[in-house]
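Student: Please find one structure pasted underneath; my questions will follow.
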Amino acid sequence: MKKHVIGLAGFAAVGLALAGCATGGVPTGGSGSTALDPDAKLEGEITVWSWDVGAVALERLAADFEKEHEGTTVNVVDVGYDNAYDKMSVGFQAGTGLPDVVTVETDAAPGYITQFPKGMLDLNPILGEDEADFDPFKWSAGSDADGSLRIAPWDSGTVAMFYRTDIVEEAGVDIEAVQTWEDLIAAGKVIKEKTGHTLMSTDIAAGAGFQARLQQLGQGLFNEKGEITVNSPEAVRVLTMLKDMNEAGLLKNVTGWDGRVTSAKDGDSAVTPEAVWWIGTLQGDAPEHAGKYGVMPLPVFDEGGARTSNNGGSGLAVPAQAKNPQLAAAFVDFVLADAENQASMMKNEGLFPSYLPALEDEQFSAPVDYFGGQPVYEVFAELTGEIPPIVYTSDSAEATDIVANAVSAAVLNGADPATVLEDAAKQLATSTGREIAD
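Each residue of the sequence shown is one higher than the one before, counting from 283 in our numbering.
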């Protein structure tokens, strides 16, 4: 689902609530022992929680599901984004009160999987044979340490680089020749000198895209053992690059979502590394710039490196307390592991599929007028299967806040990147009890 700007901050608050029940036994909301059967007889009704365009998409597909499965009813409830996580947290803790299917954003998934290890059913019996057909990052993010799929991939936040064609042309820069971040920085200096535009606008206080760049190097804030890696050589490399970019005058610091949108409308910067859902933001909030944008893969850090990462997206889970788990799982399978249905959610609701076969639909190779006729969705479709999987934990929200402070200290205040990240690792270790990776 299109990323909400308050998603991560909202989950940070949820994370605090969940952490409060982490001592002693954590209610699981059910035993999690129900064995899903792909051949089970489907009957009865289920209730599904989602919000905004996600709820619209699910309600539309629910009608099709009911036609295919006589005697079934799917009730889709738009619980509202502001209420969704409060309701889910209370329901998981109490062991009652949740519906048959819930929507969980990718950023929030690890917290629920870790805090309620048996609170959601393993969907592998239903979807496991399709694993290779899903965005590998999303599948990993929705799975627990034992490989059980607790949250099935729905939509992806595949990241590429948006660029202003008029600005790079004015600067005489061949932007499509840019292959590495070093190349982009060199191009940014020319753009700054020739046009006065900064290279990119970013919210430094929110992390300035640090984690998305780090994911390109195949690393997150934790490793597979759950150890802290915010002070890794890769992390230092990314933060040093951001600091150098700011010192060269290539970053415009903006505040929050509104600041980013306003900066795009004002045409402050030449490029924007962002997820596929930025297409809709530009078309909706900056229609005056139609014909002035292009899209290309992200620059790499090293030859052969990943040219994409992830920002946003969501999945569907079946709580262990579901009253009709077999029907719930069948509905999840119908919605998510079907190329036609996933493609329809892109066409009708703008939800970019995590199911790779759906990306073969003709709409993903169609020209987009706003981008001068470039088939921009094709770029994201080709990159989605290449998103590097990284590790999230129940402490990811807290780690994000701590790292954002470290980014601000280095980029805005000139602190040494290695030092501030080492301090961030120690702070995170103290607050979470986790070990710092060697």
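Cβ coordinates follow ideal geometry from the N, Cα and C atoms, glycine included.
Please classify Thr-714 as buried or exposed, where buried requires at least 16 other C-beta atoms within 10 Å of its C-beta.
Tutor: buried
Student: Report the option in Asp-643, Glu-660, Ala-640 whose CA atom is closest to the CA atom of Pro-649.
Tutor: Glu-660
Student: Evaluate Asp-428 with the Cβ neighbour count: other Cβ atoms within 10 Å of its Cβ, from every protein chain shown; 16 or more gives buried, anything less gives exposed.
Tutor: exposed
Student: Could you tell me the distance, in whole angstroms, from the CA atom of Glu-585 to the CA atom of Lys-605?
Tutor: 51 Å
Student: Does DSSP put Thr-675 in a helix, a strand or coil?
Tutor: coil
Student: Quick one: what's got a C-beta closer than 8 Å to Asp-415's C-beta in the same chain, skipping five residues either side?
Tutor: Ala-619, Tyr-637, Leu-638, Pro-639
Student: Considering just the uninterrupted stretch of the beta strand (DSSP E) at Leu-533, what are its terminal residues?
Tutor: 533 to 535
Student: For Ile-328, which of helix, strand or coil comes out of DSSP?
Tutor: strand
Student: Apart from the five residues just before and just after Ala-692, which ones in its own chain have a Cβ nearer than 6 Å to its Cβ?
Tutor: Leu-521, Lys-525, Pro-699, Val-702
Student: If you run the structure through DSSP and keep just helix, strand and coil, what is Ala-339?
Tutor: helix
Student: Among Thr-329, Lys-323, Trp-333, Glu-325, whose alpha-carbon lies nearest the alpha-carbon of Glu-631?
Tutor: Trp-333
Student: Figure out for me which residue from Asp-677, Gly-326, Tyr-445 has the closest Cα to the Cα of Val-512.
Tutor: Asp-677
Student: For Gly-586, does the three-state DSSP call read helix, strand or coil?
Tutor: coil
Student: Nearest by alpha-carbon distance to Leu-665: which of Val-536, Lys-574, Glu-464, Val-558 is it?
Tutor: Among Val-536, Lys-574, Glu-464, Val-558, the Cα nearest to that of Leu-665 is on Val-558.
Student: Express the C-alpha separation of His-479 and Asp-456 in angstroms, rounding to a whole number.
Tutor: Rounded to whole angstroms, Asp-456 and His-479 show a C-alpha spacing of 16 Å.
Student: According to DSSP, is Gly-393 part of a helix, a strand, or is it coil?
Tutor: helix
Student: Give me the Cα-Cα distance between Gly-562 and Val-441, rounded to the nearest whole angstrom.
Tutor: Cα to Cα, the separation comes out at about 14 Å.
Student: Enumerated in chain order, which unbroken segments of the alpha helix (DSSP H) with a length of 4 residues or greater are wholly contained in the segment 556 to 610?
Tutor: 560 to 567
Student: I need the DSSP call for Trp-436, collapsed to helix, strand or coil.
Tutor: It is a strand residue.
Student: Mind checking which residues open and close the alpha helix (DSSP H) that includes Glu-452?
Tutor: 447 to 453
Student: Taking its Cβ as the centre, do 16 or more other Cβ atoms sit within 10 Å of Val-658, making it buried, or is it exposed?
Tutor: buried
Student: According to DSSP, is Glu-387 part of a helix, a strand, or is it coil?
Tutor: strand
Student: Where does Pro-320 fall in DSSP's three states?
Tutor: coil
Student: Is Val-553 helix, strand or coil by DSSP?
Tutor: strand
Student: Considering Cα atoms alone, identify which of Ser-596, Asp-651, Ala-610 is closest to Gly-336.
Tutor: Ser-596
Student: Going by DSSP in three states, Val-689 sits in which element: helix, strand or coil?
Tutor: helix
Student: Three or more C-beta pairs closer than 8 Å, one from the segment 491 to 498 and one from the segment 447 to 462: is that the case here?
Tutor: no
Student: Please work out which residues of its chain come closer than 6 Å, Cβ to Cβ, to Ala-612, disregarding the five sequence neighbours upstream and downstream, and give them in chain order.
Tutor: Leu-324
Student: Is the beta carbon of Asp-567 sitting closer than 9 Å to the one on Ala-552?
Tutor: no
Student: Under 8 Å from any heavy atom of the ligand NAD, does the C-beta of Gln-645 make it?
Tutor: Here there are no bound small molecules, and the ligand NAD is not part of this structure.
Student: Quick check on Asn-252: does DSSP put it in helix, strand or coil?
Tutor: Given that the chain is displayed from residue 283 to residue 720, the structure contains no residue 252 and the question cannot be resolved.
Student: To the nearest angstrom, report how far apart Ser-514 and Pro-392 are at their CA atoms.
Tutor: 21 Å
Student: Taking the straight line between their C-alpha atoms, what separation do you get for Leu-503 and Ala-390?
Tutor: 15 Å
Student: Buried or exposed for Asn-721, please, with buried defined as at least 16 other CB atoms from any protein chain shown within 10 angstroms of its CB.
Tutor: Not covered by the structure: residue 721. The range shown for the chain is 283 to 720.
Student: So, at 7 Å on beta carbons, what are the nonlocal neighbours of Gln-461 in its own chain, with the 5 sequence-adjacent residues on each side left out?
Tutor: Pro-581, Val-582
Student: Could you tell me how far apart the beta carbons of Val-673 and Gly-489 are, in whole angstroms, since I believe they sit closer than 8 Å?
Tutor: Between Gly-489 and Val-673 the Cβ distance is about 17 Å, and since that is not below 8 Å, they are no contact.
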